[in-house]
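For the sequence shown, this note's numbering begins at 1 and goes up steadily by one.
All C-beta atoms, glycine included, are put in the ideal place defined by N, C-alpha and C.
These figures come from a predicted structure and were not determined experimentally.
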Amino acid sequence: LTWGDWRLPSGAEMRQMCSISGMLLLGSLCRMGVYTMMTMTALKIGALTMAAHQVALQIFWTLTYFVDPLFVAATSFIARDHGRRPERVRRMAWLLLRLSVGVGAFIAVVCYLIPTFAAGTFTTDPTLATMIGSIAPLMGTAQLVSAVVLVAEGVLIGCGDLRYLLKVHCLNFFALGALLWWVRHSGLGLHGIWIAVLANQLLRLSQHAAHVWRGGGPDLLDRATKAAAGDGGG
Numbered sequence: 001l002t003w004g005d006w007r008l009p010s011g012a013e014m015r016q017m018c019s020i021s022g023m024l025l026l027g028s029l030c031r032m033g034v035y036t037m038m039t040m041t042a043l044k045i046g047a048l049t050m051a052a053h054q055v056a057l058q059i060f061w062t063l064t065y066f067v068d069p070l071f072v073a074a075t076s077f078i079a080r081d082h083g084r085r086p087e088r089v090r091r092m093a094w095l096l097l098r099l100s101v102g103v104g105a106f107i108a109v110v111c112y113l114i115p116t117f118a119a120g121t122f123t124t125d126p127t128l129a130t131m132i133g134s135i136a137p138l139m140g141t142a143q144l145v146s147a148v149v150l151v152a153e154g155v156l157i158g159c160g161d162l163r164y165l166l167k168v169h170c171l172n173f174f175a176l177g178a179l180l181w182w183v184r185h186s187g188l189g190l191h192g193i194w195i196a197v198l199a200n201q202l203l204r205l206s207q208h209a210a211h212v213w214r215g216g217g218p219d220l221l222d223r224a225t226k227a228a229a230g231d232g233g234g
């Protein structure tokens, strides 16, 4: 490829790129909107809750970067072989998901230990440190589920299931908004917000599992091979 081969994208190519990037952008806005609503809920509950939530969320998000390489691998390797090498896609998807469980388990332990034993690193207020430590089990569990969800969504992006992901993220935006409204008015405080963080991850994981079970995404259950074997046996 040389500079002489460069050209402006055609109208059809631009429409395709805008369609794909638009779905990814709107899905990202919905996902980040959920975390923004969590922060707004913490702020409305009180300054101490807001401070504890921000520290906890910073720990959570920092550890999420350990899963990013698996997400990038899923979006690139799965997209490369999707539609051409289904068996390779299936094996690659299973490998990435297993790795996500391993990495997720490791960072989940770290995510539990930091607020439990090192909350004083982030604050000199003992009350605030106690609040952060009290949600450590929720943080660790959410971190584990989040790792699997992030890689699963990378696999689905690689398979081109962008419209499905967009629908899910838009639906979850409103579902989590309703849950956070209830958290705010039920007096659950910081624990309620982090129950919502965990619920967000569990909801996405169950939705993606149902989507694959219905035939979406990669053929993780190897139905094509089983169907071919059944036809041959018949």
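Check whether the Cβ atoms of Met38 and Val197 lie closer than 9 Å to each other. For the purposes of this step, residue 38 is taken as residue 38 along the sequence shown, with counting starting at 1. For the purposes of this step, residue 197 is taken as residue 197 along the sequence shown, with counting starting at 1. Taking 9 Å as the Cβ cut-off, Met38 and Val197 qualify as a contacting pair.
Excluding the 5 residues flanking Leu95 on each side, which residues of the same chain have their C-beta closer than 7 Å to its C-beta? One-based indexing of the sequence shown puts residue 95 at position 95. The answer is none, since no qualifying residue turns up.
Supposed contact pair Leu128 and Ala56 - C-beta distance, whole angstroms, cut 8 Å: As a first step, residue 56 must be located in the sequence shown, where it is residue number 56. As a first step, residue 128 must be located in the sequence shown, where it is residue number 128. The pair is not a contact, with the Cβ atoms about 11 Å apart (cut-off 8 Å).
CA-to-CA distance, Phe173 to Gly33, given in whole angstroms: For the purposes of this step, residue 33 is taken as the residue at position 33 of the sequence shown. For the purposes of this step, residue 173 is taken as the residue at position 173 of the sequence shown. If you take the alpha carbons of Gly33 and Phe173, they lie about 7 Å apart.
Report the residue from Ser100, Ala42, Arg80 whose alpha carbon sits nearest the alpha carbon of Leu63. The residue labelled residue 63 in the question sits at position 63 within the sequence shown. Minimum Cα distance to Leu63 is reached at Ser100.
If you drop the 5 nearest sequence neighbours on each side, which residues of the same chain put their C-beta closer than 6 Å to that of Cys30? Residue mapping note: residue 30 aligns to position 30 of the sequence shown, counting from 1. Counting only Cβ-Cβ distances below 6 Å, and skipping sequence neighbours, we find His169, Cys170, Phe173.
Which residues mark the beginning and the end of the alpha helix (DSSP H) in which Ile157 is found? The residue labelled residue 157 in the question sits at position 157 within the sequence shown. For Ile157, the enclosing alpha helix (DSSP H) covers residues 136-158.
By DSSP, does Val67 sit in helix, in strand, or in coil? Your numbering for residue 67 matches position 67 in the sequence shown. Of the three classes helix, strand and coil, the one that applies to Val67 here is coil, per DSSP.
Looking at Val155: is its Cβ nearer than 9 Å to the Cβ of Ala42? As a working note, residue 155 is residue 155 in the sequence shown. As a working note, residue 42 is residue 42 in the sequence shown. Cβ atoms of Val155 and Ala42: not closer than 9 Å.
With contact counted as at least three CB pairs below 8 Å, one residue from each stretch, are the segment 133-153 and the segment 114-123 in contact? Short answer: they touch.
Pick out whichever of His82, Phe66, Val72, Arg88 has its Cα sitting closest to the Cα of Ala108. One-based indexing of the sequence shown puts residue 108 at position 108. The shortest C-alpha separation from Ala108 is found at Phe66.
Using beta-carbon positions only, say whether Gly217 and Val148 come within less than 9 Å of one another. Translated into positions along the sequence shown, residue 217 becomes position 217. Translated into positions along the sequence shown, residue 148 becomes position 148. Not a contact, by the Cβ cut-off of 9 Å.
Relative to the C-alpha of Gly177, which residue among Tyr164, Leu165, Gly192 is closest? The residue you call residue 177 lines up with position 177 of the sequence shown. With distances taken between Cα atoms, Gly177 lies closest to Gly192.
Expressed to the nearest angstrom, what Euclidean distance is found between the alpha-carbon atoms of Glu13 and Met23? By one-based count along the sequence shown, residue 13 stands at place 13. By one-based count along the sequence shown, residue 23 stands at place 23. Taking the straight line from one Cα to the other gives about 16 Å.
Kindly give me the distance between the Cβ atoms of Val145 and Gln201, rounded to whole angstroms, as I take these residues to be in contact under 8 Å. The sequence position of residue 145 within the sequence shown is 145, counting from 1. The sequence position of residue 201 within the sequence shown is 201, counting from 1. Contact between Val145 and Gln201 holds: their C-beta atoms lie close to 4 Å from each other, under 8 Å.
Alpha helix (DSSP H) containing Gly120: first to last residue? For this step, residue 120 is matched to residue 120 along the sequence shown. No alpha helix (DSSP H) contains Gly120, which DSSP labels as neither H nor E.
Is there a Cβ from chain B that is less than 9 Å from the Cβ of Met40? The structure shown contains no chain B, having only a single protein chain.
Val89 and Cys159 - do their beta-carbons sit closer together than 9 Å? The residue labelled residue 159 in the question sits at position 159 within the sequence shown. The residue labelled residue 89 in the question sits at position 89 within the sequence shown. Taking 9 Å as the Cβ cut-off, Cys159 and Val89 qualify as a contacting pair.
Ala47: which of Asp125, Ala210, Asp219 sits nearest, CA to CA? Taking the sequence shown and counting its residues from 1, the one referred to as residue 47 is at position 47. Answer by Cα proximity: Asp125.
Between the CA atoms of Ala199 and Ser206 - distance to the nearest angstrom: Walking along the sequence shown from the start, residue 206 turns up at place 206. Walking along the sequence shown from the start, residue 199 turns up at place 199. Looking at the two C-alpha atoms, the distance is approximately 10 Å.
Using a threshold of 9 Å, state whether the C-beta atoms of Gly27 and Leu179 are closer than that. Locating residue 27 in the sequence shown gives position 27, counting from the first residue. Locating residue 179 in the sequence shown gives position 179, counting from the first residue. No, Cβ-Cβ distance for Gly27 and Leu179 is not below 9 Å.
Can you give me the Cβ contacts of Gln54 inside the same chain, cut-off strictly under 8 Å, excluding the 5 residues immediately before and after it? Taking the sequence shown and counting its residues from 1, the one referred to as residue 54 is at position 54. For Gln54, where only same-chain residues beyond five positions count, the Cβ hits under 8 Å are Thr39, Ala42.
So which of Gln143, Leu220, Gly187 has the shortest CA-CA distance to Trp61? Reading the sequence shown from its first residue, position 61 is the one you call residue 61. Of the listed residues, the one whose Cα sits closest to Trp61 is Gln143.
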